[in-house]
Each structure stands twice: as C-alpha cells, then as structure tokens.
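Each position in the sequence shown, counted from 1, maps to that position plus 17 in this note's numbering.
In this text, a Cβ means the ideal position worked out from N, Cα and C, and glycines have one as well.
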Amino acid sequence: MWSIIESTGLVPLLQNSLKRGQLPNAYLIVGPAHIGKMTLALNLAQALNCDAPDRPCGGCMSCVRIASGKHSDIRIIGLETGNSKETKVKEIGIEQIRDIQHAAALPPFEGKFKVFIIDGAELLSNEAANCLLKTLEEPVENVLYLLLTVKESSVLPTVISRCQRLELNPLPAASIEKSLIKHQHVEPDKAMLLARLSHGCPGWAINAVEDEAILDERSERLEKIRSVISHGFEERFAYAAQMTTQFTQNRRTVQEELGLWIDWWRDLLLVKAGSIDRITNIDFTEDLTEMAKSHGISQIRVFISRLQEAASQLQMNASPRLVLEVLMLNIPGRSI
Ligand SMILES: [Zn+2]
C-alpha cells in the first residue's frame, strides 16, 4: 500500500512513528493540488485502523471501508461539507469544527482510531481556526487530526505550531509514468504524456486517466492558444475579453490556461535548445518543431517571463482585462 507516496521518502518516517506508537496529535500535510495529500491522509487513517500485520494492507474490511468513504471513524471536513448549498461557501466555519470536537469526544465506533481530515486548512475561518487550536492543544487518545493545505502561508501560525509538518513535493515524471503503467494499466505512450502534463502531481494524472474529458479539454485549449498565436490582434483581443469574463467566474480556470501558455512556450524554448526529449506537450512535437523554426530564443524567453508576470499579477488582483490585453499585445511574431 502507501500507493505512489512510497517514492516521497515520507513512508519510512510514518511507519516508524506507527510502529513505535508515537504519533503526534496532528499532522499538517503541505503540497500543491493533486500531489497526493488526501491519498496520504487516507493511507495514514488506514494504517491506524488496519487489521493486518503489515499496515495498511488495503484489503481488510477497515482499509476497504476507509477507501470508499464509509468508515464511521474517519471524517473529512472541507468546503463542500458546509451546510449552505445555495450560497457559495468560501470558508470552513466554526460549526464544522464544533461538530468534530463533539465527535472526537466519543470513543472510536468501529475502528481503533478516529481520524479527522481537514481538507483545506487555509480555508478555516479565523473563528474556526482558533476553535481548532484549542482542540489541538488538548490531545485526546486515539484521535488524529490531519490538516491538508496548498497554501501554508494562509494557515494560522499557532495552528501550524501544533502540528508535525509533512511536505509532499512534485515527483519525477518518470516515477509517475512507471506507476501509471503498473497500477492504472495505462498504455506506455499515454502514460508518458500524462506524467509530463501532471507536473509531478500524480493525482492530476490519475484524474485524467479516469476522466477522458480532461485530456480532450486540454487539447481544445491548446488548439485555441495556437490559433490566438497565429492570428492578428482582433482574435487576440477577443480572446483576452473572453478570458476576462471567465476570470470573474472562475479564477482557477484562467490560471490553468496561463499554465498551458507557459508550458507551450517553455517547450518551444526546449526545442530551440535541442532538448526536445524534455518537452511537456509530447503529442504536439511536430507543431512545436515547426513553430520553433520561426521564433528566436531571446523572444521566447522574454515572452515566458511576461506570461509568468501576468500569472502573478492576476494572483495579486490586478485588472484582468488590462493584464490579458497587454499580454496579447506582447505575443512575439515570427522573427525568422
Ligand atoms: Zn488493512
């Protein structure tokens, strides 16, 4: 078991703590989206409740019930568990924390350990974080809190200080590729593509195996990007306007799209530098090679930094229309 997290080096550390029975009261699991924070949390919950000698086995009743979200001693608290369905919930509220405090006071119901997973510790409201802090300060036997976060800087420092920190870093593409072939039975070519597109986050690759729409959507977006690059200002400004509207509805989609732009231009740079074997968009190798012929290395470099700048400006709440229009104006034309 321990799935793909095995290659992170955290497993021996956790197994050692489990063996000695010396677990902290809470772990803070830090890492980018889709890196495997929830997988690690569930694996830990399984290890604590597993009935087999080699824990977690993945096959016993406890392991299976935890994996399918049916185990009554494992609770996941996140935004979607908020009770207000009509309005978009933006924070994990104090009621949700009071709820788990109440549940934590009772002994485990069907397993050996109660595990509370807070999916998005950066989303805790101030009140909720302070309430949780009190809980973390008074450990209860056989209760473990797992706080997951993509943005550690937004978690209350006093909460962080009460947790043992586990950091998950992006994995090498080669190990994701191997794991996709071995565990998900993905064809080698597709495994290589997904591994590269995942940017080291195995969860992204696994989602893309399970939901083909993810790869289709990425291809459509890349086609659109290529069309914007090859067309004149009219199409570019129309694109900027469309992205601006999208930004007001869903910021993340626009950030993701900028990520595709950056990947595309980085690939061009790699082709120019003679490192075609390292590109991300391996299914567009021919198009990249063709386009690289008409662009100079320095203009590609400059545009990549403009893309990165635009992404960080959007994160810092600059006017999306302005940022995107300036970006469109700066797309380098054919120079060679
Ligand atoms: Zn088991």
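Assess contact between the segment 38-50 and the segment 150-163, defined as three or more Cβ pairs (one per stretch) separated by less than 8 Å. Is contact present?
yes
What three-state label does DSSP hand residue 131 in the structure shown?
strand
Within 10 angstroms of the Cβ of residue 274, are there 16 or more other Cβ atoms? Answer buried if so, exposed if not.
Buried is the call here.
Classification of residue 54 by the beta-carbon crowding that lies within 10 angstroms, buried from 16 upward
buried
As assigned by DSSP and simplified to three states, the class of residue 271
helix
Helix, strand or coil, according to DSSP, for residue 164 in the structure here?
strand
Hey, residue 48 and residue 164 are a contact pair by Cβ (cut 8 Å); roughly how many whole angstroms apart?
Not confirmed; about 12 Å, so no contact.
Neighbour-count burial assignment, residue 15, 16 or more Cβ in a 10 Å radius:
Nothing can be reported for residue 15, as the shown portion of the chain is limited to 18 through 353.
DSSP on residue 103, reduced to helix/strand/coil?
Low per-residue confidence applies at residue 103: pLDDT is 49, beneath 50, and the placement is therefore not dependable, though the value from the model is reported in the following sentence. Note: residue 103 maps to coil in three-state DSSP.
Does the count of Cβ pairs from the segment 83-91 and the segment 124-137 closer than 8 Å reach three?
yes
Just to be sure I understand the criterion: a residue counts if its Cβ is closer than 7 Å to at least one heavy atom of ligand 1. Which residues meet that?
63, 67, 68, 69, 72, 73, 74, 75, 76, 77, 79 and 80
CA-CA distance, residue 207 and residue 189?
16 Å
Using 8 Å as the threshold, is the segment 343-353 in touch with the segment 318-325, meaning 3 or more CB pairs across them?
yes
Sub-8 Å separation of residue 351 and residue 304 beta-carbons
No, Cβ-Cβ distance for residue 351 and residue 304 is not below 8 Å.
Take residue 330 as the anchor and find which of 272, 316 and 312 has the nearest alpha-carbon.
272
State the Cα-Cα distance for the pair residue 103 and residue 308, rounded to the nearest angstrom.
Note on residue 103: pLDDT 49, under 50, position unreliable in the model; the coordinate value appears next. The straight-line gap from Cα to Cα measures roughly 47 Å.
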